[in-house]
Each structure stands twice: as structure tokens, then as C-alpha cells.
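Let me begin by presenting the structure, written as C-alpha cells, before commenting on it.
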Amino acid sequence: MSKIKEIAATVESGKVKLIEGLVQEALDAGEDANVILNDGMVAAMAIVGSKFQANEIFVPEMLVAAKTMKKGVEVLRPHLAGNSVGKNGKYIIGTVAGDLHDIGKNLVALMIESAGFEIIDLGVDVPAEKFVEAIKSNPDCKVVGASALLTTTMDSLKNTVQVMIDAGCKDQVKIMVGGAPITQEFADEIGADAYTTDAGSAAVKAVALAQ
Ligand code: B1M
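Put into C-alpha cells, the structure is as follows:
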């Protein structure tokens, strides 16, 4: 089995103790960090999602797979993040109220940090008012990102954007949204300034919006 396949299988089966060693071995063997991330770990999480949907696995297995992926990402972190932190200003990010998923949000934060932003991570299950509070207390921040992973939290994302608009935040920041169920159409409908499908394109968009 190739190292990438081995990493994918390890995330999928939630073998937390093995992942750090395997990711390091792959890096030492010259594998690209982005390939390890996308073809190994992100691909594994998609399989985990499909198995969950098919009732082949349940929440505890999803949780342990997520924990395994997080540990793997920590080994990759220095290879993905750049060293120009802060040159593009601050970027506030969080997963909206009612939503506990943070792997995608964390990857977006990591890529945006590597594009030269100082990250203010509000975490998961973030009330709309907390986004507003963070924006107002960081007047030098020009871009904010909100993530939603569940179809049931799309409304929460809509509310988050609306609360930010009502509080006048758009005079200061551009609002970016993303997450698996989100589309460009939905982003336009709720008044967001930008939507991207993945962490890499989110970083490119954030740089453009901060100029
Ligand atoms: Co959840 N979960 N989960 N889960 N979970 C999904 C999302 C689901 C699709 C699985 C499935 O059924 N196939 C499904 C949602 C279905 C739907 O909404 N229609 C689901 C469900 C149902 C649930 C629960 C309701 C299960 C239950 O309790 N019965 C529950 C909800 C809890 C809650 O949030 N209130 C739940 C819980 C969990 C765990 C806690 C066990 C765990 C999360 C652990 C964690 O994050 N710390 C978990 C996991 C791991 C998943 C799956 C398997 C993997 C998510 C993930 O990390 N993907 C997921 C299935 C799947 O995704 N196929 C699933 C990898 C990650 C890199 O991708 O998050 O999409 P993603 O992020 C991408 C893009 O979306 C984008 O860039 C990222 C990187 O490229 N992106 C942005 C994300 N945010 C962005 C922001 C941007 C731009 C781009 O700009 C600001």
C-alpha cells in the first residue's frame, strides 16, 4: 500500500496513535504536504461521511476519525503555513452557531494564515453577536470568514451574515462564507461578499479582498 493510501486508511479507521508517525514518514519520503492532506486525509473524511450516511459507522467513529485527522494536520502545519504571518492584516474566522464541525474551518484558517494573515479564531458554535464583537474590537481587520457544514446550519449562516450587515460591519470588513452545503447562489442570496469551495481558494480570495 502506498504511504498516502496508508494515511487515508489510518484516518478512516481512526488509528490516532499511528497517524503522526505515518505523516512524518511520508514527508521524509518526499511526499508533498498538500498531497498528504488532500489525497490522504481529506479524501478519508469523505469516505467517513459516506459510511456515516449509509449507517455503516456512527458518531463515535466519525469523532475518532476527526481526532486522527487533526493530529495528522498538526504534523503538516509547518509544511503548509508560510512565515509571513500578519502582512495582510487580521482574519476573523469561526463556525456558526449550532455547528460543531471545525476541521474544514481549521484548514481554511491554516491556509489563510500561510497567505500572510494573523488569524483570530472564534472556534465553533459561534453566536452571530460574537462575530460582530470581534469585528468591532479589531478595527484593523478587513476580512471575516464564517463556516457552516450542516444543511441545518445554513440558516444560522444566513443569520450570522444578516446580524453583521445590520451592525454595520460591511463598512469595515468583507464577509466570506463556505462549507460543504454552501453554494455561490446561497452566498449571494444571504449577502456575503465572497464564497469559495476549499481552503486553498479561500486564501487566494482573502488576499484579494484585503487589498
Ligand atoms: Co458531522 N456531518 N455531524 N461530524 N461530519 C457531516 C457534515 C455529514 C455530511 C455526514 C454525512 O451524513 N454524510 C452530515 C451533514 C448532513 C447534512 O447536513 N445534510 C453530518 C451530520 C449529520 C452530523 C451530526 C448531525 C450527526 C449526529 O449527531 N447525528 C452531528 C452534528 C453536530 C453539530 O455540528 N451540531 C455531527 C457531528 C460530527 C462530529 C462531531 C462527530 C465530527 C466533527 C468533528 C470536528 O469537526 N471536530 C463530524 C465529522 C467528522 C463529519 C464528516 C465525516 C467530516 C467533516 C470534515 O471534517 N470534512 C462530514 C462528512 C463529509 O464532510 N463528507 C460530516 C473534511 C473537511 C476538510 O472538509 O469540512 O467540508 P469540510 O471543509 C472544506 C470545505 O467545505 C471548505 O474548505 C474546507 C477545506 O477544503 N470550507 C470553507 C469549509 N469552511 C469554509 C469557509 C470558507 C471557505 C471554504 O470561507 C470562510
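Every letter in the sequence shown is one number past the one before it in our numbering, and letter 54, counting from 1, is 54.
For every residue, glycine included, the Cβ atom is placed at its ideal position computed from N, Cα and C.
Keep in mind it's a predicted model, so treat the numbers as computed, not measured.
Contact check, residue i vs residue j, beta carbons under 9 Å
i, j, result
"L107", "L22", "no"
"V35", "V11", "no"
"I112", "I119", "yes"
"S137", "V96", "no"
"M69", "A44", "yes"
"G145", "G178", "yes"
"V75", "L110", "no"
"C141", "V173", "yes"
"A65", "G14", "yes"
"K67", "V16", "yes"
"P181", "L150", "yes"
Contact set for residue i: own chain, Cβ-Cβ below 6 Å, skip 5 residues either direction
i, result
"V72", "Strictly speaking, residue 72 in this sequence is Gly, with Val absent from that position. Hits under 6 Å: I19, V23, M41."
"I165", "G191"
Proximal residues to residue i (C-beta, below 8 Å), its chain only, five neighbours per side dropped
i, result
"D39", "I4, A8"
"T183", "Y195"
"A29", "K3"
Contact set for residue i: own chain, Cβ-Cβ below 7 Å, skip 5 residues either direction
i, result
"A206", "Y91, I112, A115, F117, V143, M176"
"E6", "L22"
"K158", "I190"
"E25", "K3"
Bridge partner(s) assigned by DSSP for residue i
i, result
"K90", "E118"
"V217", "For the chain, the structure presents residues 1 to 211; residue 217 sits outside this window and is missing."
"S194", "Note that residue 194 is Ala in the sequence shown, not Ser. M176, per the DSSP bridge assignment."
"V143", "Y91, K174"
Outcome for residue i when other beta-carbon atoms lying within 10 angstroms are tallied against a minimum of 16
i, result
"V204", "exposed"
"T152", "exposed"
"A55", "For the record, residue 55 in the displayed sequence is Asn; it is not Ala. The residue is exposed, with fewer than 16 neighbouring Cβ atoms inside 10 Å."
"S50", "exposed"
"S156", "buried"
"D99", "buried"
"T160", "buried"
"L63", "exposed"
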